[in-house]
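Reading through the C-alpha cells given below for one structure.
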Amino acid sequence: GQNIDQPTEMTATEGAIVQINCTYQTSGFNGLFWYQQHAGEAPTFLSYNVLDGLEEKGRFSSFLSRSKGYSYLLLKELQMKDSASYLCAVRASGTYKYIFGTGTRLKVLA
Amino acid sequence: NAGVTQTPKFQVLKTGQSMTLQCAQDMNHEYMSWYRQDPGMGLRLIHYSVGAGITDQGEVPNGYNVSRSTTEDFPLRLLSAAPSQTSVYFCASSYSEAGNTIYFGEGSWLTVV
Chain A
14 GQNIDQPTEM TATEGAIVQI NCTYQTSGFN GLFWYQQHAG EAPTFLSYNV LDGLEEKGRF
74 SSFLSRSKGY SYLLLKELQM KDSASYLCAV RASGTYKYIF GTGTRLKVLA
Chain B
246 NAGVTQTPKF QVLKTGQSMT LQCAQDMNHE YMSWYRQDPG MGLRLIHYSV GAGITDQGEV
306 PNGYNVSRST TEDFPLRLLS AAPSQTSVYF CASSYSEAGN TIYFGEGSWL TVV
C-alpha cells in the first residue's frame with residue numbers, strides 16, 4: 014500500500030527553527046515534494062527531492078533519505094507568515110499519481 | 246499568466262442535483278487532476294488525465310466523472326450530489342515528466358445540503 018505520515022500539529026516561536034518530518038511507504042519512488050498551504054488557499058510548491066541529501070532554498074531546506082523512506086522540511090528564522098499547513102507528497106514510480114500526507118499545521122507564536 | 250483556473254469558487258447544491266466544476270490551464274501541461282480536501286484527510290485524488298482523451302481513476306472516484314477533450318480543460322462532473330461530497334475541490338496540473346511540481350487552482354468550496 015501507499016502511506017505518508019506527518020505530525021498533525023506543531024508550534025514554534027518567531028525566529029526559531031522548526032523541523033517537520035514525513036515518512037512514506039510507496040510502491041516505488043519518483044520524487045518527494047513539500048507544499049505550503051495557508052488556510053482557505055491552494056497549496057503552493059516549496060521544494061523537491063529525488064536524490065538523498067539536503068536541498069536548500071533560502072529559509073527553507075528539505076532533506077531526503079530514500080533508504081529510510083524519510084524526509085524533513087526545515088524552516089529557519091520563523092516568521093508569523095509561516096503559520097500554515099505543510100504537505101508532504103510523493104510521486105510513485107511508473108505512475109502519474111501524487112500521494113499527499115494529511116499535512117502538518119504549524120503555528121508560529123510571537 | 247492565468248495558470249490553473251477553477252470555477253465556481255463557491256457552490257451550494259441540493260442532494261441529487263448534478264453539476265460540473267470547470268478547470269482550465271494555459272501552461273500546456275499534459276497532466277491534470279482533481280483532488281478533494283477534507284479535514285484530517287489531506288488531499289485525495291479523484292481522477293486524473295495524462296493527455297487529451299486519456300483519463301483514469303484515483304483513490305476516490307465514485308460519484309464523479311471526468312473527460313479531457315482538449316489539453317487545456319478538465320471538467321469534473323458530480324452526477325447526483327450527496328452530502329458526503331461536501332468538500333473543497335482542487336484542480337491541479339503539471340508536465341508529465343517526473344520531477345515536475347503540480348500547480349493548483351484556487352479551489353472550489355462545495356456544500357451539498
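Protein chains in written order, with my numbering: chain A, 14 to 123; chain B, 246 to 358. Just so it is clear, CB atoms sit at the ideal spot from N, CA and C, and this is done for glycine as well.
Collapsed DSSP secondary structure at B:Lys254 in the structure displayed: By 1-based counting over the second sequence, the position of residue 254 of chain B is 9. Three-state DSSP puts B:Lys254 in coil, outside helix and strand.
- Can you tell me which of A:Lys94, A:Met93, A:Ser80, A:Lys70 puts its alpha carbon nearest to the alpha carbon of A:Leu86? Counted from its first residue, the first sequence places residue 86 of chain A at position 73. When each option's Cα is compared against that of A:Leu86, the closest is A:Lys70.
Can you give me the start and stop residues for the beta strand (DSSP E) that B:Met277 sits inside?
Here residue 277 of chain B corresponds to residue number 32 of the second sequence, with the count starting at 1. In the DSSP annotation of this structure, the continuous segment of the beta strand (DSSP E) that includes B:Met277 starts and ends at 276-283.
message = The beta strand (DSSP E) that contains B:Val295, what's its start and end?
response = In the second sequence, counting from the first residue as 1, residue 295 of chain B sits at position 50. Looking at the DSSP string, the run of the beta strand (DSSP E) that includes B:Val295 is 287-296.
Beta carbon proximity, B:Ala327 to chain A, threshold 7 Å: As a working note, residue 327 of chain B is residue 82 in the second sequence. No, no contact with chain A.
Note to self: Please identify the residue among A:Arg72, A:Gln38, A:Phe42 whose C-alpha is closest to the C-alpha of A:Lys94.
What the structure shows: Against the first sequence, residue 94 of chain A aligns to sequence position 81. The candidate whose alpha carbon is nearest that of A:Lys94 is A:Arg72.
- Query: Using DSSP with H/G/I as helix, E/B as strand and the rest coil, what is B:Met272?
  - Reply: Against the second sequence, residue 272 of chain B aligns to sequence position 27. Looking at B:Met272 - three-state DSSP - the assignment turns out to be coil, as it is neither helix nor strand.
Check your understanding: Using a beta-carbon distance below 7 Å, is B:Glu342 in contact with chain A?
Key -> Position 97 of the second sequence, counted from the first residue, corresponds to residue 342 of chain B. Closer than 7 Å to the CB of B:Glu342 there is not a single CB belonging to chain A.
Taking A:Ser84 and A:Cys35 to be in contact with their CB atoms under 8 Å, please state how far apart those CB atoms are, rounded to whole angstroms. Here residue 84 of chain A refers to the residue found at position 71 of the first sequence. Here residue 35 of chain A refers to the residue found at position 22 of the first sequence. That pair is a contact at about 5 Å.
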